[in-house]
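Going line by line, the protein sequences match chains S and G.
If you read the first sequence in our numbering, its first letter stands for residue 282, the second for the next number, and so on.
If you read the second sequence in our numbering, its first letter stands for residue 1260, the second for the next number, and so on.
Taking it in order: structure first as structure tokens, then the write-up.
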Amino acid sequence: MSKKKQVTLKIFAALALTDLLETFAQFCFKKSAISAELLKISFFGAGLEFVGMLVRSPFLWLGLFSVFVIFVLWCAILSEIDLSVAVPVASISYITIPLVSVIFLGEKISLMQWSGISFILFGIILVSLSTKTSEEL
Amino acid sequence: MARGFIFILSLIFLTDLIDTIGQLILKRSINSLDFHIDSFTKAFKLVVQLLKIPRVWFGFILSGVSLVVWLFVLTRAELGFAFSLDSMRYILIALASAFFLKEKIVPIRWLGIFCVILGIVLVAAGQH
């Protein structure tokens, strides 16, 4: 019943774009969370106060706008490929962010992280290839 | 320390579970519409159609709840730690896709999913 469409270059590019925007959104959310953190909330009943602080942060709204664009892209992607393919392949940002940090920010990446990046890359390739095998079977 | 760990772990599990349910609802709705996307305009039309489905809105509410829980986790846990544990979402998504969407997950896809999880844990744990 489910469509078993292959991961084409176009779909891959769309996934990479959602990832880029997702990174931006995460950055915005982290920023808004830091400003709300100053509140030092206690566990009970402080949830509303926490949300109140978040809503006043412009970063939250910038992040939410990115989320809308991501949503449009994500719907387009899901109309073409399986959910169990789209979600793992969308983890490209775990590769691109460290690489960008190394090239543009001069950050250092540990050996452990390099091996992690290789595993993610290998995993994405396997998941993408799995759409091919399931179609050929 | 251990209590704090279990607390954060359960919260991360909660966000992942909520997200998975949201994704299931969305994918099911998209499958029911049977659109073929070849342009951004078409993608927009798909979204407009989706917005007419009430359960898609329920999915949005779930995303909102998940976001609030996740932001709370970020104030309490280190980013690397939170992201490592968050990779359990891949397992939840795979299981949910197999059971509820009848997606056929061949062994090579499972292997790929576990490689991605292992990789994310290594990247997150390798931070200093």
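Cβ atoms here follow ideal geometry from the backbone N, Cα and C, with glycine treated the same way.
1. Span of the alpha helix (DSSP H) holding residue 1371 of chain G?
2. Whose C-beta lies closer than 6 Å to the C-beta of residue 312 of chain S among residues of the same chain, with five residues either side of it excluded?
3. What ranges does the beta strand (DSSP E) occupy inside the segment 283-369 of chain S, keeping only unbroken runs of at least 3 residues that lie completely in it?
4. Is DSSP giving residue 421 of chain S helix, strand or coil here?
5. List the residues of chain G that residue 312 of chain S touches, going by C-beta distances under 9 Å, in chain order.
6. Work out the CA separation of residue 370 of chain S and residue 222 of chain S for me, nearest whole Å.
7. Closest to residue 378 of chain S by CA distance: which of S:303, S:413, S:352 is it?
8. How about residue 366 of chain S and residue 299 of chain S: are their beta carbons less than 7 Å apart?
9. Taking all protein chains shown into account, decide if residue 384 of chain S is buried (16 or more other Cβ within 10 angstroms of its Cβ) or exposed.
10. Excluding the 5 residues flanking residue 1352 of chain G on each side, which residues of the same chain have their C-beta closer than 7 Å to its C-beta?
11. Where does residue 294 of chain S land, buried or exposed, given buried means 16+ other C-beta within 10 angstroms?
12. Contact between the segment 1367-1374 of chain G and the segment 345-354 of chain S: three or more CB pairs below 8 Å?
13. Nearest to residue 401 of chain S by CA position, among G:1306, G:1364, G:1331, G:1343, is which residue?
14. Is the Cβ-Cβ distance between residue 297 of chain S and residue 1296 of chain G less than 7 Å?
15. Candidates S:408, S:388, S:374: which alpha carbon is nearest residue 398 of chain S's?
16. Identify the contact partners of residue 1286 of chain G in chain S, using a Cβ-Cβ distance below 8 Å as the criterion.
17. Check the Cβ of residue 411 of chain S against every Cβ in chain G and list those closer than 9 Å, keeping chain order.
18. Three-state secondary structure (DSSP) at residue 1294 of chain G?
19. Just to make sure I have the definition right: I need the residues of chain G whose C-beta is within less than 9 Å of the C-beta of residue 394 of chain S. Which are they?
20. Quick check: is any heavy atom of the ligand ZN less than 6 Å from the C-beta of residue 290 of chain S?
21. Could you name the residues of the same chain whose beta carbon sits closer than 6 Å to that of residue 1391 of chain G, not counting the 5 residues immediately before and after it, in chain order?
22. Please confirm whether residue 1340 of chain G has its beta-carbon closer than 7 Å to some beta-carbon of chain S.
23. Determine the contact status of residue 396 of chain S and residue 1381 of chain G, defining contact as a CB-CB distance below 7 Å.
24. By Cβ distance, which residues of its chain are closer than 6 Å to residue 1359 of chain G, with the 5 residues on each side in sequence left out?
25. For residue 336 of chain S, tell me which candidate among G:1323, G:1317, G:1350, G:1316 has the shortest Cα-Cα distance.
The relevant details are as follows:
1. Its alpha helix (DSSP H) spans residues 1366-1384.
2. So the qualifying residues of the chain are 340.
3. Contiguous beta strand (DSSP E) elements confined to the segment 283-369 of chain S do not occur, taking only those with 3 or more residues.
4. Here chain S has residues from 282 to 418 only, and residue 421 of chain S is not among them.
5. Under the 9 Å cutoff, chain G gives no residues; its nearest Cβ is about 11 Å from residue 312 of chain S.
6. Any property of residue 222 of chain S remains undetermined from this structure, which presents chain S solely from 282 to 418.
7. Nearest in C-alpha terms to residue 378 of chain S, of all of S:303, S:413, S:352, is S:303.
8. Between residue 366 of chain S and residue 299 of chain S, the C-beta gap is not smaller than 7 Å, which leaves the two residues out of contact.
9. Burial call: exposed.
10. Excluding positions up to five away in sequence, the list reads 1279, 1282.
11. Answer is exposed; the Cβ neighbour count stays below 16.
12. No, the segment 1367-1374 of chain G does not touch the segment 345-354 of chain S.
13. Check the Cα spacing between residue 401 of chain S and each of G:1306, G:1364, G:1331, G:1343: the tightest is with G:1343.
14. Not in contact: residue 297 of chain S and residue 1296 of chain G (Cβ atoms no closer than 7 Å).
15. Ranking the options by Cα distance to residue 398 of chain S, first place goes to S:374.
16. Contacts between residue 1286 of chain G and chain S, judged by CB atoms closer than 8 Å, involve 359, 364 in chain order.
17. Here the neighbours are 1364, 1365, 1366, 1367, 1368, 1369, 1370, 1371.
18. Reduced to three states, the DSSP call for residue 1294 of chain G is coil.
19. Within chain G, the residues near residue 394 of chain S are 1381, 1382, 1383, 1384, 1385, 1386.
20. Summarising the ligand content, the structure contains no ligands, and the ligand ZN is consequently not present.
21. It is not possible to answer for residue 1391 of chain G, since the shown part of chain G is limited to 1260 through 1387.
22. Chain S, which has no Cβ nearer than 7 Å to the Cβ of residue 1340 of chain G, makes this no.
23. Yes, Cβ-Cβ distance for residue 396 of chain S and residue 1381 of chain G is below 7 Å.
24. The beta carbon of residue 1359 of chain G lies closer than 6 Å to those of 1283 in the same chain, with the five residues before and after it left out.
25. When only C-alpha atoms are compared, the closest one is G:1323.
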